[in-house]
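Protein chains in written order, with the working numbering: chain A, 13 to 297; chain B, 42 to 317.
Note that beta-carbon positions come from the ideal geometry of N, C-alpha and C, so glycine has one too.
Computed from a prediction, not measured in an experiment: that's the story for all the values here.
See structure below.
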Amino acid sequence: MKLHGRRPEETTLTVWQVVELARHPDRPYSLDYIKRMAPDFVEMHGDRISGDDPALIGGVGLWHGRATMFLGHQKGRSLKERVARNWGMMHPEGYRKAIRLAQHAAKFNFPIVSLIDTPGAYPGAGAEERGIASAIAKAIMEWFRIPVPIVAAVIGEGGSGGALGMGVADRVIMLENSIYSVASPEAAASIVWRDNTRKVEAAEQLQLTSRDLLAMGVVEEVVTEPEGSARVDYEATAAALDEALYRHLRPLLAQPTEELLQHRYERFRYIDSLIRAEPHFGPKI
Amino acid sequence: MVAAKKPGDVRISGGKLPPIALPTNCPGCGVGLDHEELRRHTYVCTLCGHHFRMGADAWIALIADRGTWKERYGDVRSHDLLNWKVPKPYQETLEQLRDEGLNEAVRTGTCSLGGREIWLATFDFRFVGGTLSIVAGERLARGMEQAAASGLPYLLVAASGGARMQEGVLALMQMAKVNAAVGRLDVAGVPFFSVLTDPTFGGTAASLALLGDINIAEPGAAIGFTGPRVIKQATYADLPPGFQSADFQLGRGQVDMVVARPELRRLLAHLLEIYP
Ligand SMILES: [Zn+2]
């Protein structure tokens, strides 16, 4: 666990202000990073079963001289694009597409970069009819068998099972003003209070900021954002994210496959051991 | 290991089922309920077939051959790790449920079924809505690792609202932890049978519950990822009757069969004969 530059815990923002920054419509999205990391990026489409999910982009590009598979949730910028991309909320086809592209990467021994930015999987009737629960379940299980290095970064919202379906990796890092949570604050408030207007209190208790997740040992690193957050400087944020992701990827490239998969298993198998050892960890209220 | 008996010899229930909280009238047909008769009929209405929700103790009594249940990891207990205070302190919730005699949302152990030794894990919806917690995930993963190592078949009974809010992102991470362990069962060639009961939703449906080699749903069970209330709120959709029911999921290819509870034990014993 390493922190670079300004330490993220020095932030003076409230938890809710962080949530708003993570969701800010001017915040860089996956393609803003991928086009800077791999300017020759070639996008691919489709799950080869029934469709393509525009909420998830995927494709290949050269990154630090190495062919790499990029995957990322993509929220839309204009209203039209937001509708087309379903606000970055994936349908079952998206998870099947992700695994198809991960297996493609495995065939050619390309490492995988996964960028997470979703409010959650799509909570709609169509997603249910086409098996969203088993699509996520299958994806999570399959990620543990993909025999190439995977590095993931939460760049905005890491919402629930929809995010975790793209978040099984050998290293997971977070941008400073991103969030990662068991449920959106609204959904948590609706479940616990039966009242989704209690979202601010829910957010404060959920421990969903990057520094909470680093302290719990759920992510390996928090990447500091420029003063004023990622949205004021795409170039600097992309450079910092690129540097951190590649620094985490490099040692994985040399690891024998069996060891890589065993470590991936153990990373999630014992992910809660740090907090179990320290009752009454962290707290906000 | 005792040789399995012929399917016809397997009793409907392993042991006598414990009493459970029941309404006066059946929510399915409205008829007044004879609680003793229901108990003999595995808590399924003899008139309309309504399946009443059972807790982990009743499921263990139903599945396990009499006197064979050995609980494991029952001493791994949840406590409030995130200092969750409102609207109700999580620690208080946990202690209250324990005072009521409940031990977490998942109980696990070994037993025999029709003479065949198995690992059994059963959710308990009465414990914070059967939510997947760190301890629930830990009990599930340990049992699956043991089953993978020993070759014993793994049987799951699911009843869960999803991941537990009060344990934050660490509850979410249990989905990855248990799915990784399901992968171990695959590698070991160990059969994994999943019984989906009412309700199975959210992070539990989107992790191990739908990953069975055979998924068996109870009639009338609601199974899905997002609950109908949230779907309506988020999309203003009108959901047709039977949406997310066991039959709906059968029609959508998510479960292999819908099996009434009085037939379940016999079916499982039969499957255990087919799968080595
Ligand atoms: Zn009835």
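Can you tell me whether residue i is helix, strand or coil according to DSSP?
i	result
residue 170 (chain A)	strand
residue 298 (chain B)	strand
residue 145 (chain B)	coil
residue 157 (chain B)	strand
residue 220 (chain B)	helix
residue 112 (chain B)	strand
residue 184 (chain B)	helix
residue 102 (chain A)	coil
residue 163 (chain A)	strand
residue 192 (chain A)	strand
residue 125 (chain A)	strand
residue 287 (chain A)	helix
residue 61 (chain A)	coil
residue 195 (chain B)	strand
residue 125 (chain B)	coil
Going along the chain, which residues of its own chain have a beta-carbon closer than 8 Å to the beta-carbon of residue i, five neighbours each way excluded?
i	result
residue 286 (chain B)	261, 262, 263 and 264
residue 161 (chain A)	123, 124, 182, 261, 264, 265, 267 and 272
residue 230 (chain A)	184, 192 and 283
residue 280 (chain B)	269, 272 and 273
residue 266 (chain B)	242, 243, 246 and 247
residue 190 (chain B)	229
Going along chain B, which residues have a C-beta under 8 Å from residue i?
i	result
residue 230 (chain A)	210, 211 and 214
residue 220 (chain A)	209 and 210
residue 176 (chain A)	213, 214, 216 and 217
For residue i, I'd like the list of residues in its chain whose CB is within less than 7 Å of its CB, leaving aside the five on either flank, ordered along the chain.
i	result
residue 143 (chain B)	165, 167 and 168
residue 150 (chain B)	110, 111, 112, 113 and 161
residue 139 (chain A)	103, 104 and 133
residue 147 (chain A)	104, 107 and 108
residue 97 (chain A)	66, 67, 86, 87 and 88
residue 308 (chain B)	300
residue 278 (chain B)	272
Can you find a CB in chain A that lies within less than 9 Å of the CB of residue i?
i	result
residue 257 (chain B)	no
residue 184 (chain B)	no
residue 220 (chain B)	yes
residue 252 (chain B)	yes
residue 74 (chain B)	no
residue 267 (chain B)	yes
residue 125 (chain B)	yes
Using the beta-carbon of each residue, which ones in chain A are nearer than 7 Å to residue i?
i	result
residue 293 (chain B)	141 and 143
Spatial neighbours of residue i within its chain, please: C-beta separation below 6 Å, excluding the five flanking residues on both sides.
i	result
residue 154 (chain A)	111
residue 144 (chain A)	104 and 133
residue 184 (chain B)	149, 160 and 162
residue 289 (chain B)	283
residue 279 (chain A)	none
residue 176 (chain B)	117, 119 and 145
residue 241 (chain A)	33 and 189
I'd like to know if residue i contacts chain B, where contact means its C-beta is closer than 9 Å to some C-beta of that chain.
i	result
residue 268 (chain A)	no
residue 156 (chain A)	yes
residue 213 (chain A)	yes
residue 281 (chain A)	yes
residue 115 (chain A)	no
residue 102 (chain A)	no
residue 276 (chain A)	yes
residue 224 (chain A)	yes
residue 133 (chain A)	yes
residue 200 (chain A)	yes
What residues of chain B sit near residue i, judged by a beta carbon separation below 7 Å?
i	result
residue 284 (chain A)	175, 211 and 214
residue 152 (chain A)	216, 217, 220 and 248
residue 287 (chain A)	122 and 211
May I have the straight-line CA-CA distance separating residue i from residue j, to the nearest angstrom?
i	j	result
residue 163 (chain A)	residue 77 (chain A)	17 Å
residue 171 (chain B)	residue 252 (chain A)	41 Å
residue 172 (chain A)	residue 196 (chain A)	7 Å
residue 58 (chain A)	residue 201 (chain B)	32 Å
residue 165 (chain A)	residue 126 (chain A)	6 Å
residue 28 (chain A)	residue 199 (chain B)	35 Å
residue 25 (chain A)	residue 215 (chain B)	29 Å
residue 189 (chain A)	residue 92 (chain B)	47 Å
residue 119 (chain A)	residue 159 (chain A)	9 Å
residue 79 (chain B)	residue 86 (chain B)	6 Å
residue 239 (chain A)	residue 245 (chain A)	9 Å
residue 45 (chain A)	residue 93 (chain A)	18 Å
residue 239 (chain B)	residue 156 (chain A)	29 Å
residue 319 (chain B)	residue 212 (chain A)	Since the first and last residues shown for chain B are 42 and 317, residue 319 (chain B) lies out of range.
residue 218 (chain B)	residue 54 (chain A)	33 Å
Just to make sure I have the definition right: I need the residues of chain B whose C-beta is within less than 9 Å of the C-beta of residue i. Which are they?
i	result
residue 187 (chain A)	Near residue 187 (chain A) there are no residues of chain B at all, since even the closest Cβ is about 16 Å away, more than 9 Å.
residue 149 (chain A)	216, 220, 223, 246, 247, 248, 249, 250, 251 and 252
Cβ closer than 9 Å: which chain A residues qualify as neighbours of residue i?
i	result
residue 138 (chain B)	Within 9 Å Cβ-Cβ: nothing; residue 138 (chain B) doesn't reach chain A, min ~16 Å.
residue 275 (chain B)	134, 135 and 136
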